[in-house]
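Letter by letter, the sequence shown follows residues -21 to -1, 1 to 646 in mature numbering (1 follows the signal peptide of the UniProt record, and there is no 0). A virtual CB, placed ideally from N, CA and C, is assigned to each residue, including glycine. Every value quoted in this text rests on a predicted model; they were computed, and no experiment measured them.
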Amino acid sequence: MKKTWTFVPLIAALAAGTAFAVTPAGTQIVNQASIEFTPEGSNTPTDVPSNPVTTTVLPVPSFTITPNDEGPAGPTFPTQNNALRATLVPGGTAVFLYTLTNTGNVPNENYALTTLTASTAGAPLPTDVRYYAKAADTNSDNTLDAAELAAATPITTITDVDQNQAKQFFQVYTVPAAATNTQELGADPVGTRLPNTTGTGFEPAAPFTQPVDNDNYNTVTVNRNDAALIGPKDDADGNGNPLTPPYASPEGVTITPSAADTQTAQAVSTTTTITFTNTVQNGGNRPDVLDITYAQAGFPAGTTVTLLKPDGTALADTDSDGTPDVGTVAPGGTANVLVRVTFPAGGAPAAPAAAPTVTVTTTSSNDPSKKDDTRDIVNLPGLSFGNPTPTPGGNPATPGTPEVGQPGNPGTPIIPPAVCDNTTAPTRASIAMEIANLGSATDTFDVRGTAPIRLVDGSTITVNVVYFRDVNGNKVLDAGDVALTDTNTNGVADTGPLAPGAELKLVAAVDVPCAAAAQIITLTQRATSPTTGVTVPDTNDTIVVGKTPVTAPTKSVDKATARPGEDLTYTIIGKNSSNANVTRAFIRDTLPANTTYKSFTATSTATGTVLYSTNGTNWSAAPIAAPQNDGVTVYAGVDTNGNGTIDTGDILAPGQTITATFVVTVK
């Protein structure tokens, strides 16, 4: 305690004489002596007073502010007096209770309150230092809470302090937000006596310096523990303890949190939006504004991410630092933020082995070095199915055919056997295929296909495609290749589980019946995920069925022997015995030697008009008239296109016949 007084001897006397009150300034001390004597010869004492002597007590102002910091002059960190020590967080409010006592002999004193501040090296100084009367402590707990501070009015003086009277007051200041852990800072309430104008003679004569008390430094040790956490819903630290059970997004998609600080949603082919709920927590020891940022990776082009409040409105920038945040969160408090991911329906991930991920980061505004990440993962479906290409997975845009040298290849078409009945085995053709999981989660794909095959009778049958694992990858169906089975028991053969990015080589086999007409068979194939609905068609793979030859017509005669004048009736049957249409088909015969022409007629199972000719060029619907010259040639065909002649526009389908009856007379 530093004090400056004029009357040092009196100060010493006052300091030593603590057992009695100090005489107020201006007090008149009157003293009168006397002499007492008894006159000679008298027995009566005589008292003779002296003249009165008056002494006026001079003013000696003095005061103390306690408690003191008990260290050397100036700030001492930490303060030695525990009553003046506190541990607070940045932004916290320091409240210290002091007592000012008038230890002088001047009544009704007033004192100004000013402040000295100090801190350890590099620490910020206290800000907003202010003072409050003890009366602001409405609950008498010797401190001020936020409500009491809000209701009170700061003071700058302590007034009307009588001799030996003590008045308490509070020093209050804010610990700077920039203060770091273990830093020390403090403030000193400096009291300065103000001139006393309430009574005459209260001010000491010059030279005189007003008393000051400035050895009351307090010390705040900063306890700064900033931390920002973010994790899956209801698990801000992302440690899975407790593990949040799967929950439904607002769109109805199931989201599954993990103990690895992630949560995952499986999209299907029609999914376009998934909204994750993330929980942030202020892991520090003081209020904090937690900023939210994100980074997306692995999504298809056109994907967007939106940060939302739990009520679905956009996340705001409450502290105007340019970054959206969840607002102020109390120490240990939590808040939810929604992360809405919108992407094209059916879009595959950018890379099959890397699951599309939104990495969400929360950052402490108190200390931007304190931040934490969590990952919201969307497993997008992806599928490639088609014919082998340099890129794994196959390309459905590339037409596929059986390998060179295999049945059904354009160079080696399937030629049905000459004899075809119920016991004749079909001819198997096979096409190399590939399928790949281009999604970001393990998936199983159904594979199905059909082959519509036209038969020589004009009907069409549908043959199912059978799929085999191409074990050795040689694109040919071998004995060691195994047919796909229905592992997911939904009635369709499937690939079994395929990991993200995994590829499976297949051989598609089609059994072509012996009654197949000449044609190009186009397969209709499709791979589908029963889980996600992603599907890829392959509709341009072909198998070639070649043409079989037309067999020779049959001819018979009704008589093995005949006499001159008798008729011989020849029956000629021409049949399209091949498996393909033939055009400009007709029967031709020549009048035998030693006979004369009688008649030539024909019928056909084909739809059209039978036409006749004697030269194969000029045709007529009228039968050929007799007589005919020896060696005449007669023709009969069917005009199926109705143009009055026999040409390449006239079609005789497989199995259709032209039957002619040629009657001649033996000469």
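Out of curiosity, what's the CA-to-CA distance linking Asn175 and Pro310? To locate residue 175, count along the sequence shown from 1; it is residue 196. To locate residue 310, count along the sequence shown from 1; it is residue 331. Between Asn175 and Pro310, the C-alpha separation is close to 49 Å.
Using the rule of at least 16 other Cβ atoms within 10 Å of the residue's Cβ for burial, across every protein chain shown, is Pro229 buried or exposed? Taking the sequence shown and counting its residues from 1, one reaches residue 229 at position 250. Pro229 comes out exposed.
Have a look at Val199, Val108, Leu79 and flag the residue whose alpha-carbon is nearest the alpha-carbon of Asn143. For the purposes of this step, residue 143 is taken as the residue at position 164 of the sequence shown. Cα-wise, what sits closest to Asn143 is Leu79.
Please confirm if the stretch 588 to 603 is in contact with the stretch 563 to 580, defined as three or more CB-CB distances below 8 Å between the two stretches. yes
Apply the 10 Å Cβ neighbour rule to Pro389 and answer buried if 16 or more other Cβ atoms are within range, or exposed otherwise. For this step, residue 389 is matched to residue 410 along the sequence shown. Pro389 comes out exposed.
CA-CA distance, Thr66 and Asn84? The residue labelled residue 66 in the question sits at position 87 within the sequence shown. The residue labelled residue 84 in the question sits at position 105 within the sequence shown. The straight-line gap from Cα to Cα measures roughly 39 Å.
So, Asp296 versus Pro303, is the Cβ gap smaller than 7 Å? Looking up residue 296 in the sequence shown gives position 317. Looking up residue 303 in the sequence shown gives position 324. Going by C-beta atoms, Asp296 is nearer than 7 Å to Pro303.
Cβ of Ala430 within 6 Å of any heavy atom in the ligand FMN? With respect to small molecules bound, the structure shown includes none, and the ligand FMN cannot be examined in it.
Of the residues Gly553, Thr93, Val513, the one placed nearest Ala420, counting alpha carbons only: Taking the sequence shown and counting its residues from 1, one reaches residue 420 at position 441. For Ala420, the nearest C-alpha among the options comes from Val513.
When you compare the CB positions of Ala408 and Val489, do they come within less than 7 Å of one another, or not? Within the sequence shown, numbered from 1, the residue matching residue 408 stands at position 429. Within the sequence shown, numbered from 1, the residue matching residue 489 stands at position 510. Yes. Within cutoff.
My assumption, with CB atoms under 8 Å, is that Val339 sits in contact with Val318. Please give the rounded CB distance. Counted from its first residue, the sequence shown places residue 339 at position 360. Counted from its first residue, the sequence shown places residue 318 at position 339. Rounded, the Cβ-Cβ distance is 6 Å, consistent with contact.
Simplified DSSP state of Asn61, which is helix, strand or coil: As a first step, residue 61 must be located in the sequence shown, where it is residue number 82. Here Asn61 sits in helix by DSSP.
Quick test of the definition: if touching needs 3 or more C-beta pairs under 8 Å, does the stretch 167 to 181 touch the stretch 317 to 334? no
So what does Ile134 bridge to, in DSSP terms? Along the sequence shown, read from residue 1 onward, the residue named residue 134 stands at position 155. Paired residue(s): Tyr110.
Beta-carbon proximity list for Val247, same chain, < 8 Å, skipping 5 on both sides: Looking up residue 247 in the sequence shown gives position 268. Answer for Val247: Pro360, Thr510, Thr511, Gly512, Val513, listed in chain order.
In chain order, what residues of the same chain have a beta carbon less than 6 Å from the beta carbon of Leu(-8), not counting five sequence neighbours either side? For the purposes of this step, residue -8 is identified with residue 14 of the sequence shown, where counting begins at 1. Below a pLDDT of 50, predicted positions are generally treated as unreliable, and Leu(-8), at 41, falls in that range; no measurement from the model is reported.
Which residue marks the beginning of the beta strand (DSSP E) containing Thr577, and which one marks its end? On the sequence shown, residue 577 is found 598 positions in, with the first residue counted as 1. For the sequence presented, residue 577 should be read as Lys rather than Thr. Where Lys577 is concerned, the enclosing beta strand (DSSP E) stretches over 574 to 583.
Taking the beta carbon of residue 649 as the centre, do at least 16 other beta carbons fall within 10 Å, making it buried, or is it exposed? Summary: the structure shown does not reach residue 649, with the chain confined to residues -21 through 646, and so no result is reported for it.
Top-ranked residue by Cα proximity to Thr533, from Thr55, Gly70, Gly553: By 1-based counting over the sequence shown, the position of residue 533 is 554. When each option's Cα is compared against that of Thr533, the closest is Gly553.
DSSP on Ala115, reduced to helix/strand/coil? Counted from its first residue, the sequence shown places residue 115 at position 136. The answer is helix: DSSP assigns Ala115 an H, G or I state.
Secondary structure of Ile541, DSSP reduced to three states: Your numbering for residue 541 matches position 562 in the sequence shown. The question names Ile, but residue 541 in the sequence shown is Ala. If DSSP states are grouped into helix, strand and coil, Ala541 belongs with coil.
I believe Ile625 touches Arg563 by the beta-carbon criterion, under 8 Å. Please report the beta-carbon distance rounded to the nearest angstrom. Along the sequence shown, read from residue 1 onward, the residue named residue 625 stands at position 646. Along the sequence shown, read from residue 1 onward, the residue named residue 563 stands at position 584. The pair is a contact, with the Cβ atoms about 6 Å apart (cut-off 8 Å).
Using only CA atoms, which one of Ser41, Gly621, Ser98 lies nearest to Thr188? Position 209 of the sequence shown, counted from the first residue, corresponds to residue 188. Ranking Ser41, Gly621, Ser98 by Cα distance to Thr188 puts Ser41 first.
Would you check if the distance between the CB atom of Gln11 and the CB atom of Pro31 is smaller than 7 Å? Counting from one through the sequence shown, the residue named residue 11 turns up at place 32. Counting from one through the sequence shown, the residue named residue 31 turns up at place 52. Their beta carbons are under 7 Å apart, which means Gln11 touches Pro31 by this criterion.
With DSSP as the reference, label Leu128 as helix, strand or coil. In the sequence shown, counting from the first residue as 1, residue 128 sits at position 149. Three-state result, Leu128: helix.
If you draw a straight line from the C-alpha of Ala239 to the C-alpha of Asp216, how long is it? Position 260 of the sequence shown, counted from the start, is the residue given in the question as residue 239. Position 237 of the sequence shown, counted from the start, is the residue given in the question as residue 216. Taking the straight line from one Cα to the other gives about 10 Å.
If you check the beta carbons only, do Asn220 and Val68 fall under 7 Å apart? The residue labelled residue 220 in the question sits at position 241 within the sequence shown. The residue labelled residue 68 in the question sits at position 89 within the sequence shown. No, these two residues do not count as a Cβ contact at 7 Å.
Within the continuous beta strand (DSSP E) that includes Ala293, where are the two ends? Within the sequence shown, residue 293 is the residue found at index 314, counting from 1. Here Ala293 belongs to no beta strand (DSSP E), and DSSP marks it neither H nor E.
So, do the stretch 112 to 129 and the stretch 161 to 173 have three or more beta carbon pairs nearer to each other than 8 Å? no
Restricting to Cα atoms, I'd like to know which of Gln7, Val529, Val36, Thr368 is closest to Val435. Position 456 of the sequence shown, counting from 1, holds the residue named residue 435. Answer by Cα proximity: Val529.
Secondary structure, beta strand (DSSP E): runs of 3+ residues fully inside the stretch 472 to 515: 473 to 477, 482 to 491, 498 to 507
State the DSSP-derived secondary structure class of Pro396, mapped to helix, strand or coil. Numbered from 1 along the sequence shown, position 417 holds the residue referred to as residue 396. Residue state, collapsed to three classes: coil.
State the start and end residues of the unbroken beta strand (DSSP E) segment that holds Pro211. Position 232 of the sequence shown holds residue 211. Run containing Pro211: 207 to 211, per the beta strand (DSSP E) assignment.
Where does Pro431 fall in DSSP's three states? Indexing the sequence shown from 1 puts residue 431 at position 452. Strand, per DSSP.
Span of the beta strand (DSSP E), counted from its first residue to its last, around Asp167: To locate residue 167, count along the sequence shown from 1; it is residue 188. Run containing Asp167: 163 to 172, per the beta strand (DSSP E) assignment.
Which residue comes first and which comes last in the beta strand (DSSP E) that contains Ile625? Within the sequence shown, the letter at position 646 stands for residue 625. Where Ile625 is concerned, there is no enclosing beta strand (DSSP E), given that its DSSP letter is neither H nor E.
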